[in-house]
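Residue numbers (the numbering used here): 186 to 827.
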């Protein structure tokens, strides 16, 4: 029996190798902690089997169909990936390996570089440990841990959440001649020319923290720097050791299955700093184990390695532009229409990916070279990885499906015949049918103008807005992206009038110009929702549309094409004191969404962003649930793939 020894604090870990049982060669991977000490002058050795339980989980390989996946579709996907520089492809569902493939020069025991996938499985998990132990909070200012930033008016505003979600404003480190520090960042020289000191002292802040998304490797460097500094007084603050002892070994990742931080440690300000932006390498199965830990909300075979709220904190949207977690990407903004909203992943250059979809109990790992170097990155992810993976699902009932399959054929996806004919909801007991008047009865008083959100005002006029046109006769001399108007009279004897307002009118065709998508009057005040505003913005007028005030905030998560629910003249028919806003669940009017989402706000507080709540499903009695956290929104109407 072969025995190999690995050093670990508090004892030694031993691997018991192969053993013969019933005439067959059996391979096992048991681990025990041996405590060596002295009692009454006698040496003793104690084997603690409880520790071994943490390593009890082993992968099982099964037929894909037994876990609701199509083996034929998986093989098709693998063959296409193999043609496109893939080295490793692994799909896990319900804790079982449904498909595993490696290139001839690769294998299950061979590591592959992570590139920026390290941001998730190194930096993100390091933050998770610090959160778990109470050393940091995501909204802590980084200058609390990096005193060199305390005097900088911009950097003192940066939080850990900003760094982890690429919204800190710190410039990225792509080399160029104008900024020599960027090339120096990647050379990884000894201090003070190391990437951490460079990120701290030389990387400029390009915009106020939290204002927008800007991918930043120095930002992730400062994230792990801050964590190490926050844990300065902890028993261990070397992230390589922390990750090994707190996460990797406890979930059964062998030491030979991983390396991180370019195998370097930089000592800066007395701290052992390890790169978390790149420089890692893992086997596919090691990455899948991390994915399983995320999918199971930090629980490993009954042991809570990380609390569920800690996992959620790093793998769900930060609520900031870009909708990243902490080192992890999320689909909260439906950037990839084929994936469910709860999908989260770590990703690196040339499409290295660890994808976790909790709602589908699904994990995917892919390593290799670039899949399609000449195509846009977002297209590559969707076309060759995410959409084909979703097509392997056999148990995708529309009532429970969280994603939105493309219908343009760009990813080779077609709709099931039985799904095409089925209505998304049963017939309404209130509205039996809708009858449309003949086309010839349509009144066209402003040809060339479109959109027309409309509301019934207190003066009995219908106030509205048009897009990409010149409005009613006499037409305006300039084409407006957003123009205002009112309508009066009784059909067919109605008239339309253009309403000029310098504080509301917008220029720009199509997506280049702001356009009204919702109009509502409440208690004599006109409110207008405007799309193409990144994502959308609210305006109000107290003088029937002549002058407008714009809200100082925007919807930056979903609500890309919102509209109001009107309730009669001047909102007098409303059944409660709320205003309701519907929108496709996407960031703009041009991206398909598989569901409609709903917000509500007290009718006296429309301009106060903190007053908004979002529909979040139903309780056990069928009552609607509301949340102030927009990332927890759920759809009120769903029709996947339409």
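Beta carbons are placed, not taken as given, at the ideal position from N, Cα and C, and that holds for glycine.
Just to confirm, is the Cβ distance from residue i to residue j under 8 Å?
| i | j | result |
| --- | --- | --- |
| residue 577 | residue 259 | yes |
| residue 185 | residue 459 | Outside the shown range of the chain (186 to 827) lies residue 185, about which nothing can therefore be said. |
| residue 714 | residue 747 | yes |
| residue 556 | residue 565 | yes |
| residue 466 | residue 298 | yes |
| residue 696 | residue 717 | yes |
| residue 818 | residue 782 | yes |
| residue 499 | residue 312 | yes |
| residue 692 | residue 640 | no |
| residue 428 | residue 321 | no |
| residue 778 | residue 790 | no |
| residue 720 | residue 739 | yes |
| residue 521 | residue 560 | no |
| residue 327 | residue 302 | no |
| residue 518 | residue 544 | no |
| residue 762 | residue 787 | yes |
| residue 405 | residue 461 | yes |
| residue 681 | residue 631 | yes |
| residue 373 | residue 447 | yes |
| residue 272 | residue 552 | yes |
| residue 570 | residue 617 | no |
| residue 451 | residue 370 | no |
Between the Cα of residue i and those of the options, spot the shortest distance and give me the residue it belongs to.
| i | options | result |
| --- | --- | --- |
| residue 419 | 383, 386, 315 | 315 |
| residue 400 | 768, 383, 566, 512 | 512 |
| residue 325 | 727, 333, 342 | 342 |
| residue 329 | 257, 658, 407 | 407 |
| residue 246 | 648, 674, 280, 617 | 280 |
| residue 358 | 348, 770, 383 | 383 |
| residue 253 | 333, 546, 402 | 546 |
| residue 644 | 672, 439, 656 | 672 |
| residue 799 | 805, 785, 574, 722 | 785 |
| residue 636 | 255, 648, 642, 625 | 648 |
| residue 683 | 654, 702, 709 | 654 |
| residue 722 | 730, 711, 708, 702 | 702 |
| residue 754 | 443, 707, 794, 796 | 707 |
| residue 339 | 294, 353, 660, 517 | 353 |
| residue 436 | 242, 493, 712, 416 | 242 |
| residue 529 | 272, 479, 767 | 479 |
| residue 375 | 457, 811, 415 | 457 |
| residue 288 | 364, 810, 275 | 275 |
| residue 548 | 669, 470, 335, 424 | 470 |
| residue 472 | 244, 657, 775, 751 | 244 |
| residue 503 | 793, 489, 732, 395 | 395 |
How would you write the range of the alpha helix (DSSP H) that residue i sits in, first residue to last?
| i | result |
| --- | --- |
| residue 495 | 493 to 500 |
| residue 565 | 562 to 565 |
| residue 264 | 256 to 267 |
| residue 346 | 345 to 349 |
| residue 373 | Note, residue 373: premise wrong, no alpha helix (DSSP H); not H, not E. |
| residue 317 | 310 to 317 |
| residue 384 | 380 to 386 |
| residue 479 | 469 to 480 |
Using the DSSP secondary-structure output, state which residues sit across from residue i in a beta bridge.
| i | result |
| --- | --- |
| residue 675 | 678 |
| residue 430 | None, per the DSSP bridge assignment. |
| residue 575 | Residue 575 pairs with nothing; no bridge assigned. |
| residue 451 | 458 |
| residue 798 | 785 |
| residue 683 | 670 |
| residue 823 | 780 |
| residue 531 | 539 |
| residue 828 | The requested residue 828 does not occur in the structure, where the chain is confined to residues 186 to 827. |
Which residues mark the beginning and the end of the beta strand (DSSP E) in which residue i is found?
| i | result |
| --- | --- |
| residue 635 | 635 to 641 |
| residue 409 | No beta strand (DSSP E) holds residue 409; the alpha helix (DSSP H) holding it covers 402 to 415. |
| residue 724 | 721 to 726 |
| residue 647 | 647 to 652 |
| residue 542 | 537 to 542 |
| residue 716 | 710 to 716 |
| residue 391 | Run containing residue 391: none; DSSP gives neither H nor E here. |
| residue 435 | Where residue 435 is concerned, there is no enclosing beta strand (DSSP E), given that its DSSP letter is neither H nor E. |
| residue 552 | 547 to 553 |
| residue 559 | Taken as a continuous stretch (DSSP letters only), residue 559 belongs to no beta strand (DSSP E), as it is neither H nor E. |
| residue 274 | 271 to 278 |
| residue 282 | 281 to 287 |
**OP:** Quick one: which unbroken alpha helix (DSSP H) runs of 4-plus residues sit fully inside the stretch 733 to 771? Chain order, please.
**Re:** none
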